[in-house]
Amino acid sequence: MAHLNGIEREKFVNKTFTDIASRYVFMNHLMTGGMDILLRKETIRVANLQSGERVLDLGTGTGDLAREARNKHKEVQLTAADLTLAMMKATKDWEGINRSTTDALHLPFTDRSFDVVMSGYLVRNVSNLASALSEQFRVLKPGGRVIILDTTRPRRNFFTPFINFYFKRIIPLLGSFLNRNREAYTYLTQSTEGFVTAETLVEEMRKAGFTDIHFRIRMFGTMAIHNAIKPTK
78 MAHLNGIERE
88 KFVNKTFTDI
98 ASRYVFMNHL
108 MTGGMDILLR
118 KETIRVANLQ
128 SGERVLDLGT
138 GTGDLAREAR
148 NKHKEVQLTA
158 ADLTLAMMKA
168 TKDWEGINRS
178 TTDALHLPFT
188 DRSFDVVMSG
198 YLVRNVSNLA
208 SALSEQFRVL
218 KPGGRVIILD
228 TTRPRRNFFT
238 PFINFYFKRI
248 IPLLGSFLNR
258 NREAYTYLTQ
268 STEGFVTAET
278 LVEEMRKAGF
288 TDIHFRIRMF
298 GTMAIHNAIK
308 PTK
């Protein structure tokens with residue numbers, strides 16, 4: 078599952094999120110104890126959106142991050158994009174938000190189209206991290222900002238045994254009972270454990286061309302919010 082690469086990984090991810098789309102939001106709230114809501118709010122604060130800016134929410138899923146941006150900044154121009162159509166269909170509240178069925182590795186937008194590209198829980202699911210970051214860099218205007226909220230490889234600390242137990246036992250069990258899909262939630266935990274560290278993501282972002290890169294760690298070392306800038310020259 079999480080070890081798949083290329084087109085096989087893309088197909089698996091698309092199928093996985095199609096299967097769990099109807100209960101995705103409920104399961105997210107349950108698994109994080111509602112912390113996913115607070116993390117999205119913090120992500121929008123980090124984005125520091127300004128009036129009139131064009132904003133792309135990439136890997137929008139059910140649109141939670143895009144709606145948080147819309148509700149806090151009604152004056153921005155929002156586009157929400159996701160590979161999995163079923164995820165976007167799982168909610169009807171898209172007022173004021175343009176939508177696009179989009180592959181994060183091949184964005185259908187012209188160069189320098191957006192002031193901000195943000196994503197929530199996207200980058201660990203792409204089959205080629207470098208290509209995904211390169212595409213985000215391409216569609217940003219010079220001086221534009223990228224903000225990435227995602228899981229990060231869990232750091233070892235006092236809570237590590239409890240985190241491992243929760244990831245490997247409880248989450249798949251919840252997925253099995255409440256969403257009847259143990260495989261999907263096993264994948265979600267494996268993709269977190271197998272994803273790069275926050276520091277490695279910084280290096281990948283730097284390779285893509287971003288500068289002024291910062292990150293903050295949340296949720297006992299399991300989540301991270303990265304932000305960076307596309308240079309003006």
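Sequential numbering of the sequence shown, starting at 78, is according to the working numbering. We put the beta carbon where it would ideally sit given N, CA and C, even for glycine.
Own chain partners of residue i with C-beta closer than 7 Å, once the 5 adjacent residues on each side are dropped
i: K118; result: E145
i: R215; result: D188
i: V203; result: A181, L182, A209
i: T179; result: A158, D159, L160, P185
i: F191; result: R131, V132, L133, V216, L217, K218, G221
Test item: CB-CB of residue i and residue j under 8 Å
i: R176; j: K218; result: no
i: L226; j: E281; result: no
i: A181; j: L206; result: no
i: D159; j: G136; result: yes
i: M195; j: D113; result: no
i: E152; j: L184; result: no
i: T274; j: R230; result: yes
i: G140; j: A157; result: yes
Contacting residues, own chain, Cβ-Cβ under 6 Å from residue i (five flanking each side not counted)
i: F94; result: T161, M164
i: Q154; result: R131
i: H150; result: L126
i: N105; result: D113
i: I84; result: none
i: S128; result: E152
i: P308; result: T288
i: E260; result: none
Same chain, Cβ closer than 8 Å to residue i, neighbours up to 5 away in sequence not counted
i: D289; result: A305, I306
i: F239; result: none
i: N91; result: L160, T161
Cβ-Cβ separation, residue j to residue i (assumed contact under 8 Å), whole Å
i: R293; j: A285; result: Incorrect: roughly 20 Å between the Cβ atoms, too far for contact.
i: L126; j: V193; result: 6 Å
i: F297; j: T228; result: The Cβ separation is near 12 Å, so there is no contact.
i: G197; j: T120; result: 7 Å
i: Q143; j: A98; result: Note that residue 143 is Ala in the sequence shown, not Gln. Not really, about 16 Å apart at Cβ, beyond 8 Å.
i: R295; j: L116; result: 6 Å
Distance cut-off 7 Å: residue i Cβ against heavy atoms of the ligand NAD
i: F297; result: Among the ligands in the structure shown, none appear at all, so the ligand NAD cannot be discussed.
Identify every run of the beta strand (DSSP E) within the region 85 to 168, keeping only runs that are complete inside it and at least 3 residues long; order them along the chain.
Listed in chain order, they are 131 to 135, 154 to 159.
Which runs of the alpha helix (DSSP H), 4 residues or longer, sit entirely within the region 268 to 309?
Scanning the region 268 to 309 for uninterrupted alpha helix (DSSP H) segments of 4 residues or longer gives 275 to 285, listed from N- to C-terminal end.
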